[in-house]
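J.:
Chains as they are written, first to last, in my numbering: chain Y, 1 to 306; chain A, 307 to 662; chain E, 663 to 1038.
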């Protein structure tokens, strides 16, 4: 395995959980809901994924457990913000607090247990092609899932009627409701999808990235996923690009250090955030671009009135 | 209504009788910066606490607060421990230093011990471990075992304790291979399994085939296992994470120290104002079993360990040249503790610039 | 099909405004008791340590220190929270208070760290002013971007939090590191003139920060409910169109709201650093800026409510520790308990504005939902 290939692989592994969580949040935000609880759902996915794999002995069941945990946990958010119209920002933040505590409680008996790693593919012949073999044919299954997920969400949002409906809800829930679209129902599904994705991202951390459970192991990755969605101006392909860019900066910074280059790591680490602000400014300066991409009802509570 | 409920609860509890420490037992308390199951630094301290429970259980009761943030939260937590009747309080993170000093001044009758700091008081003693002694041994092992002649070091923060470790590792390695090189990555965290694993991968991609870390998670060990290279555990025996990768681990063994100090409290010989800096000889630091290496390497490691224990070998003994080429220690000269405790430069052979 | 349906009350319910926190508390106590019993702890004992033990200082001299600790913990939450209340009431979504807190701390610390030779009674007021300035300036970045480029302020202010955290990290490890500190990542300790005085040194550590918080809460309360500016805040928050007709400038309001909340967050930052810490470290806030958002909503964006909410939240931190030491409840349980309390309060507050009806499915007539801020 050459160094370039190996670095690319490392970047792919670092980017995958960010991509998955961000794609989920993208769908949520496209439906007009801002769920700041990604970190909490992700860490729940991580602990339940690990626990599931350890108890059943099957990493695949662990992945399912992670997805289920994320989705179930997001229901709490959905119920509060959608059914009883609680504030989304406050509820999302509370969800993160609760998730970090609850995951620690659930995971207490799994700390220090040897992990159950989800093994990578190995296709004889194909995986051995120089440079791209491992990258294309020799990664962990969740990597492929993340790419499929991105393409699937892209297709769903922009090529299907249901996707159009979802976006219209995000743009103007009032008119969507007037057209007879069950706004709350759609948003429930969107929030649960986001939760499932965050759960899967968490399971990737505890079953592939570093197969172990430690408290707070998401270490802020849920927040980065939130930033990525905005960075990508709510477009799936740009989320993909953003996640890989972020992964590349993170890994590149480590390589720069190992090479003995003296660049302050904090400067490099802050670049993605500054870039996000700049991107935001650029897209919002152009009204047409803004209208096209930003879900106008983002963060607003919707209650059908009579 | 709120008052009513609170009053009710208070009455119920008063009736249920709050458990009190039996009169003949003293209370020993611990303040942890991380989770007691972090598999690293804090867990090592908690293992020490459990040893106190086991050996002195009939005379001592232990309690602890975990995940306490450094800063104002720490001061409140220490004060709470002091007021809850603790006879002795161990604060187990460097970042608790000023808070420990402040609370110790307020509670002259309570005994305080602060790990890895440098401020003492009449009722405050500091304790530390010569982690670097272990680093010297693993440096030698790395140089023997490495094929590429380059090792990777995942470091947390450029404080003297970490710089000592890096230097000792290089000095140890150079006794075997004078051209041995070390690459360092600063991850600016004590604990982030993902980031540490990424750093490990970056180091391996740049050609190191020996990994060591001064951070607390088993992330790097897992990467080493997966990529088929060798690595050294940190703070805790990490053999479970790297059954074929771990050569040995520098294990923090606080238990005997805690037992000893609490016994001194019991028989009235405990003294404040001291700084103890023990090492392999006193057993505050132990080496995990030497595994996954040929017998001759193992024999060499054990010999070095014995020499350090007996005091025959001191890792920081001249001639030692600094990274910039100037002489630090002349032939036969040994660094004193004060210099070591403020160490802020590399020795020759480290392929990194110390963050200043 | 059964469904939960919210029916908006014509006017918000005064009854439930008063009752909802208590309903939430009762639900939390019940759920908490259940959780503690499941964990094999005596639920009464656990709840006692949570809610009563830290307050025993009210009547027990020996425990008075805990009230001081409560004040220390609640002060930044209240200070930031009341500023955010103005922001949210005017429909400006600043969620970057954590960053403004940090910038306030950095600006204010400039004097004792970079110019330690400058001493005297002027140092502290100057530091506080710089802190206010730092927080306000940092908050004006998203305000500027919002007014000039129509950029979503939720997202820019959040991004700037990370930048602020990294900036502080770099300052403390780099240019501002204590030259006598053995390379440890912290600045030199502030000299005596730069330390915020304690209120009652004989009884506990609480410093003037808590006084600032109370004063700020009262002033902001007066501002919102008694002045024309407050009227402007509420009108623009409820309906920007109506505000325009009334001759109010939405753009100026953005700067006012962000400036005020940033200034208070900055004040909280420098007060925390000069009061409770006495130096800068790589991390100076356990998420106060984010927790304060929750506090702002728990207090229903009413400054006086926020004082109460800040104290309750502070209490759960203290209670969590008390329960940890005395009956061995782990800190994770403490955090879960805190999360439960937040969810119950957020949920119960719905009752103020809505009636809950459980009914069969019926399509309702469309209506534009109110913006989130309208719920104050």
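Glycine included, every Cβ here is placed at the ideal spot set by N, Cα and C.
1) Please name the residue or residues paired with residue 488 (chain A) in a DSSP beta bridge.
2) Output the boundary residues of the beta strand (DSSP E) element that contains residue 634 (chain A).
3) The region 168 to 202 of chain Y: which residues have C-beta closer than 8 Å to a C-beta of chain A, in chain order?
4) Within the same chain, show all residues whose beta-carbon is closer than 6 Å to that of residue 735 (chain E), passing over the 5 residues directly before and after it, in chain order.
5) Hey, is residue 993 (chain E)'s beta-carbon within less than 8 Å of any beta-carbon in chain A?
6) Would you say residue 105 (chain Y) reaches chain A, if we count a Cβ-Cβ gap shorter than 8 Å as a contact?
7) Leaving out five residues before and five after residue 416 (chain A) in sequence, what residues of the same chain have Cβ atoms less than 6 Å from its Cβ?
8) For residue 186 (chain Y) and residue 819 (chain E), I'd like the C-alpha separation in whole angstroms.
9) Give me the Cβ distance between residue 917 (chain E) and residue 805 (chain E), rounded to the nearest whole Å; I'm assuming they're in contact under 8 Å.
10) Can you name the residues of chain A whose CB is closer than 9 Å to the CB of residue 217 (chain Y)?
11) So which residues on chain A does residue 938 (chain E) lean against when the C-beta distance must stay under 8 Å?
12) If you drop the 5 nearest sequence neighbours on each side, which residues of the same chain put their C-beta closer than 8 Å to that of residue 578 (chain A)?
13) Give me the chain E residues within the contact set of residue 108 (chain Y), using Cβ-Cβ distance strictly less than 8 Å, ordered along the chain.
14) Classify residue 328 (chain A) as helix, strand or coil using the three-state DSSP reduction.
15) Mapping DSSP to helix, strand and coil, what is residue 545 (chain A)?
16) Cα separation between residue 503 (chain A) and residue 832 (chain E)?
17) At the level of alpha carbons, what is the spacing between residue 986 (chain E) and residue 992 (chain E)?
18) Would residue 88 (chain Y) be called buried (16 or more neighbouring beta carbons within 10 Å of its own) or exposed?
19) Please list the partners that residue 281 (chain Y) has in chain E, where partner means a Cβ-to-Cβ separation under 9 Å.
20) Do residue 28 (chain Y) and residue 100 (chain Y) count as a contact pair if the criterion is CB distance below 8 Å?
21) Which ranges would you report for the beta strand (DSSP E) in the region 475 to 520 of chain A if only whole runs of at least 3 residues count?
22) To the nearest angstrom, how far is the alpha carbon of residue 687 (chain E) from that of residue 404 (chain A)?
23) According to the neighbour-count rule (16 or more other Cβ atoms, all chains shown, within 10 Å of its Cβ), is residue 363 (chain A) buried or exposed?
24) Against chain E, does residue 663 (chain A) count as a neighbour if the rule is that its beta carbon must be under 8 Å from one of theirs?
25) Tell me the rounded alpha-carbon separation between residue 646 (chain A) and residue 343 (chain A).
26) Could you tell me which of E:963, E:783, E:770 sits nearest to residue 792 (chain E), measuring between CA atoms?
27) Nearest-angstrom Cα distance between residue 821 (chain E) and residue 154 (chain Y)?
28) Mind reading off the beta-carbon distance from residue 834 (chain E) to residue 942 (chain E)? Whole number of angstroms is fine, and I expect it under 8 Å.
29) Taking only runs of the alpha helix (DSSP H) that begin and end inside the region 146 to 176 of chain Y, which ones reach a length of at least 4 residues, in chain order?
30) Only counting the same chain, and skipping five residues up and downstream in sequence, which positions put a Cβ closer than 7 Å to that of residue 530 (chain A)?
31) Between residue 299 (chain Y) and chain E, is any beta-carbon pair separated by less than 8 Å?
32) Please classify residue 3 (chain Y): is it buried, with 16 or more other beta-carbons within 10 angstroms of its beta-carbon, or exposed?
33) As a quick exercise: from A:611, A:589, A:574, A:472, pick the residue whose alpha carbon is nearest that of residue 657 (chain A).
34) Run through the DSSP bridge pairs and tell me what residue 668 (chain E) is partnered with.
35) Would you report the Cα separation of residue 340 (chain A) and residue 893 (chain E), rounded to the nearest angstrom?
36) Just to confirm my understanding: we take residue 653 (chain A), look at its own chain, exclude 5 residues before and 5 after, and list those with CB closer than 8 Å. What are they?
T.: In short, the structure shows the following:
1) Residue 488 (chain A) pairs with A:457, A:656.
2) Here the beta strand (DSSP E) through residue 634 (chain A) covers 633 to 635.
3) With the criterion set as a beta carbon lying under 8 Å from some beta carbon of chain A, the region 168 to 202 of chain Y has no members that meet it.
4) For residue 735 (chain E), where only same-chain residues beyond five positions count, the Cβ hits under 6 Å are 976, 979.
5) At least one chain A Cβ lies under 8 Å of residue 993 (chain E).
6) No, no contact with chain A.
7) Within the same chain, residue 416 (chain A) has close Cβ partners 388.
8) Just so you know, the alpha carbons of residue 186 (chain Y) and residue 819 (chain E) end up roughly 29 Å apart.
9) Approximately 5 Å separates the beta-carbon atoms of residue 917 (chain E) and residue 805 (chain E); this is inside 8 Å, confirming the contact.
10) Per Cβ cutoff of 9 Å: 498, 499, 500, 523.
11) Within 8 Å Cβ-Cβ: 377, 378, 381.
12) Listed in chain order, the non-local C-beta contacts of residue 578 (chain A) below 8 Å within the same chain comprise 417, 418, 426, 427, 428, 429, 430, 431, local neighbours out to five positions each way being set aside.
13) Here the neighbours are 992, 994.
14) Confidence at residue 328 (chain A) is low in this model, with a pLDDT of 47, below 50, so its placement is unreliable and no value can be given for it.
15) DSSP places residue 545 (chain A) in coil when its eight states are reduced to three.
16) Between the alpha carbons of residue 503 (chain A) and residue 832 (chain E) lies a distance of about 23 Å.
17) Cα-Cα distance, rounded: 6 Å.
18) Result: buried.
19) Correct list: 807, 810, 811, 813, 818.
20) Contact annotation: residue 100 (chain Y) and residue 28 (chain Y) have beta-carbon atoms that are not nearer than 8 Å.
21) You should have 487 to 492, 516 to 519.
22) Looking at the two C-alpha atoms, the distance is approximately 37 Å.
23) That one is exposed.
24) With chain A covering 307 to 662 only, the question about residue 663 (chain A) has no answer from this structure.
25) C-alpha of residue 646 (chain A) to C-alpha of residue 343 (chain A): approximately 31 Å in a straight line.
26) When each option's Cα is compared against that of residue 792 (chain E), the closest is E:770.
27) So the two alpha carbons sit approximately 25 Å from each other.
28) Contact between residue 834 (chain E) and residue 942 (chain E) is confirmed by a C-beta separation of about 5 Å, below the 8 Å threshold.
29) Entirely contained in the region 146 to 176 of chain Y, the alpha helix (DSSP H) runs reaching 4 residues are, in chain order, 161 to 171.
30) Excluding five sequence positions before and after residue 530 (chain A), the CB atoms of its chain that fall closer than 7 Å to its own CB belong to 506, 517, 536, 537, 548, 551, given in chain order.
31) Put simply, the CB of residue 299 (chain Y) is near chain E, with a gap under 8 Å to one of its CB atoms.
32) Exposed: under 16 other Cβ atoms inside 10 Å.
33) Taking only the C-alpha atoms, the option nearest residue 657 (chain A) is A:472.
34) Bridge partners of residue 668 (chain E): E:1018.
35) Cα to Cα, residue 340 (chain A) sits roughly 48 Å from residue 893 (chain E).
36) Once the five neighbours on either side are set aside, the close Cβ partners of residue 653 (chain A) are 473, 476, 477, 626, 627, 628, 629, 634.
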